[in-house]
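These notes are about the structure you will find just below.
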Amino acid sequence: MIAKTYTILNYGCQMNESDAEHFAGQLKDLGYEETVSYHDADVIVINTCCVRESAEKKILGKIGELKHVKAEHPGQIICVAGCMAQKDGGKLLKKYPQIDLLVGTGQVNNFKAIFADHLAAKGQKIYDGIVCGESEFEGEAVRRSSFSAWIPIMYGCNNFCTYCIVPYVRGRERSRGIAAVKTEIANEANRGFKEFTLLGQNVNSYGKDLGEKNAFARLLKECSEIKGVERIRFMTSHPRDMNEEIVRTVAEHDSICKHFHLPAQSGSNRILKAMNRGYTREKYLELIASIRKYCPEASVTTDIIVGFPGETEEDFEETLALLSEVGYDAAYTFIYSKRSGTPAAVLGEQVPIEIKKARLQRLMEVQNNSSLARNRKLVGKTLTVLAEGPSQNKSDVWSGRTDSNKLVLWPAADHNYTAGELVSVRIDSAQTWLLKGTAEA
Ligand code: SAH
Ligand code: SF4
Ligand code: F3S
Numbered sequence: 000m001i002a003k004t005y006t007i008l009n010y011g012c013q014m015n016e017s018d019a020e021h022f023a024g025q026l027k028d029l030g031y032e033e034t035v036s037y038h039d040a041d042v043i044v045i046n047t048c049c050v051r052e053s054a055e056k057k058i059l060g061k062i063g064e065l066k067h068v069k070a071e072h073p074g075q076i077i078c079v080a081g082c083m084a085q086k087d088g089g090k091l092l093k094k095y096p097q098i099d100l101l102v103g104t105g106q107v108n109n110f111k112a113i114f115a116d117h118l119a120a121k122g123q124k125i126y127d128g129i130v131c132g133e134s135e136f137e138g139e140a141v142r143r144s145s146f147s148a149w150i151p152i153m154y155g156c157n158n159f160c161t162y163c164i165v166p167y168v169r170g171r172e173r174s175r176g177i178a179a180v181k182t183e184i185a186n187e188a189n190r191g192f193k194e195f196t197l198l199g200q201n202v203n204s205y206g207k208d209l210g211e212k213n214a215f216a217r218l219l220k221e222c223s224e225i226k227g228v229e230r231i232r233f234m235t236s237h238p239r240d241m242n243e244e245i246v247r248t249v250a251e252h253d254s255i256c257k258h259f260h261l262p263a264q265s266g267s268n269r270i271l272k273a274m275n276r277g278y279t280r281e282k283y284l285e286l287i288a289s290i291r292k293y294c295p296e297a298s299v300t301t302d303i304i305v306g307f308p309g310e311t312e313e314d315f316e317e318t319l320a321l322l323s324e325v326g327y328d329a330a331y332t333f334i335y336s337k338r339s340g341t342p343a344a345v346l347g348e349q350v351p352i353e354i355k356k357a358r359l360q361r362l363m364e365v366q367n368n369s370s371l372a373r374n375r376k377l378v379g380k381t382l383t384v385l386a387e388g389p390s391q392n393k394s395d396v397w398s399g400r401t402d403s404n405k406l407v408l409w410p411a412a413d414h415n416y417t418a419g420e421l422v423s424v425r426i427d428s429a430q431t432w433l434l435k436g437t438a439e440a
């Protein structure tokens, strides 16, 4: 008998990448094998994101296209999962009859049962109750990488930043137990995984719902001590709940990576307040000072939104000044996108698109200079790099990441590297997005 096949089209953040690996694990358990082409897949899972309108548009286009794919493949099952499924469930089913089932963000760990149920019952169906967090994933994830694993430590978000849809589609914060997280890491370390990224929308508030204060610092420390763990990463940090104890924990443990992704979103106190971010520019800069004090070698990255409703030229200049003051290693920059149902969507004073685009451009220029300056400081240093694989363009050039999450390329010569191996690389030159070097024996 020929095995049935599946393919997953994944969009969105690392949490979605992690969820996709869990869908894959459960489909494999049901006897499905992965195929790369969705033209001949028996099951297509589209794991969706709705954080910005641009993401939604792209995904809706893809769902539309799948109508024709399905017409050529009768019996094909189209499953829409993730944040859009959670947000627009019924509307999507009505508009796109090619969709067979909708699986919400809280149902990842129940996917196997849902899928089996669907096979027995047929007909369009929605599964969107928020439960993930109460139930543990029982199977084995099919991971994209052979050495680096995503480890969700909490689901949902309680922050309700006024621009953001995530709390509405991912529900309230639910932390996984420390024991469950550690068991998963220990099992994957046993299977040869080296690097673990602890995931959550606001990892610094990990454990609050379990009644424990500053549980994240403890979790970090305990995870870093698990046998076989080379590197622990974490994201995303929220300035509201970040503190010195966490910074010191990072500083004190070699296996905890010296990289802080600490999104500022804006440098203007007026805008930060309107965004409901829960900190001021001054509090944010104190956190940066604490990072520089305890982890001087750490890289710091941020997310910035331009064109939040009411953002004036002065507000925007404060953001530019914040960028210069902090000297980020990288910034992920976004044009504000109106999300209906969020408080910011109904604010007057929406910023015209031309102004938003011009601000984005100015922001990126300042940031590119800063990234290059930060990278240039590493020239001449020897850094430990976790080898990932041959680079995208050249098979005889290898690529990997430093502890501080910098992308490094080096000629492999006739050396046979393996993915997941630690390599010492002397940095010879720096660009905005990457470093180039030579491996040391
Ligand atoms: N929980 C994380 C990030 C989640 S979304 C955090 O708080 O940092 C990732 C990034 O998308 C956010 O940091 C923000 O910069 C951006 N974002 C979220 N909603 C947005 C919107 N409506 N328009 C533009 N960017 C948005
Ligand atoms: Fe969205 Fe704010 Fe939650 Fe991040 S912390 S997911 S930006 S509401
Ligand atoms: Fe997108 Fe959902 Fe992540 S909206 S950014 S996939 S939490």
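Going by numbering that gives the first Met the number 0, the first residue of the sequence shown is number 0, and it counts up by one from there.
Where is the CB? At the ideal position from N, CA and C, for every residue including glycine.
The Cβ neighbour count for L118, taken over all protein chains shown within 10 Å, is under 16; the residue is labelled exposed. For L100, the pairing in a beta bridge is given by DSSP as C78 and K124. Remark: C-beta atoms of E135 and N109 do not approach each other more closely than 8 Å. With a 10 Å radius around the Cβ and a threshold of 16 neighbouring Cβ atoms, N46 comes out buried. In chain order, H258, F259, H260, L261, Y327, D328, A329, A330, Y331 and N404 place their CB closer than 8 Å to the CB of T300, counting only its own chain and leaving out the 5 sequence neighbours on each side. DSSP lists no bridge partner for D18. The beta strand (DSSP E) runs of length 3 or more contained entirely in the stretch 25 to 99 are, from start to end of the chain, 42 to 47 and 76 to 81. Sorting G379, G399, T381 and L382 by C-alpha distance to the C-alpha of G388 places G399 at the top.
Put simply, the backbone Cα of L433 is about 46 Å away from that of G74. Residue state for S323 is assigned as helix, using DSSP reduced to three classes. Every beta strand (DSSP E) stretch that sits fully inside the stretch 372 to 397 and reaches 3 residues is listed by chain position as 381 to 389. If you look at F259, you'll find it isn't in any alpha helix (DSSP H); it sits in the beta strand (DSSP E) that goes H258 to H260. Here the alpha carbons of G277 and E137 stand approximately 37 Å from one another. Judged by their CB atoms, I7 and A23 are nearer to each other than the 8 Å cut-off. Non-local beta-carbon contacts of D240 in its own chain, meaning distances under 7 Å to residues more than five positions away in sequence, involve N201, N203 and S204 in chain order. Contact annotation: R338 and Y154 have beta-carbon atoms that are not nearer than 8 Å.
Residue pairing by DSSP puts A429 in a beta bridge opposite L434. Proximity to L362 across T248, F333, L371 and L377 peaks at F333, based on C-alpha coordinates. Per DSSP, reduced to three states, the secondary structure at G419 is coil, with no helix or strand assignment. Its Cα nearest to that of N213, the residue I177 stands out among E33, I177, K181 and Y283.
Around the beta carbon of G170, 16 or more other beta carbons sit within 10 angstroms, so the residue counts as buried. Put simply, of R143, T34, T279 and R51 the residue whose alpha carbon is nearest the alpha carbon of H237 is T279.
When C-alpha distances from R142 are compared across I354, E16, L286 and A297, the shortest belongs to E16.
Around the beta carbon of Q391, a 10 Å sphere encloses fewer than 16 other beta carbons of the protein chains shown; the residue is thus reported as exposed. With contacts defined by Cβ atoms closer than 8 Å, A386 and H414 do not form a contacting pair.
The beta carbon of Y283 sits closer than 6 Å to the beta carbons of P238 and A263 from its chain, once the five residues preceding and following it are set aside; these are given in chain order. Nearest to A40 by C-alpha distance, out of I62, E244, G11 and Y5, is Y5.
By the 16-neighbour rule on beta-carbons within 10 angstroms, I76 is buried. One Cα belongs to F315, the other to G266, and the distance between them is close to 7 Å.
Close CB contacts of E183 within its chain, under the 7 Å cut and outside five residues either way in sequence, are with I150 (chain order). In this structure, T383 is the residue among I426, P410 and T383 with its C-alpha nearest to the C-alpha of G419. Under DSSP, T301 takes part in a beta bridge, and its partners are A330. Relative to the ligand F3S, the beta carbon of M234 is positioned no closer than 7 Å to any heavy atom. Going by DSSP, F215 is part of the alpha helix (DSSP H) stretching over A214 to S223.
Closest option to E71, judged by alpha-carbon separation, among I152, Y37, R217 and E55: Y37. Per DSSP, S289 is one residue of the alpha helix (DSSP H) stretching across R280 to Y293.
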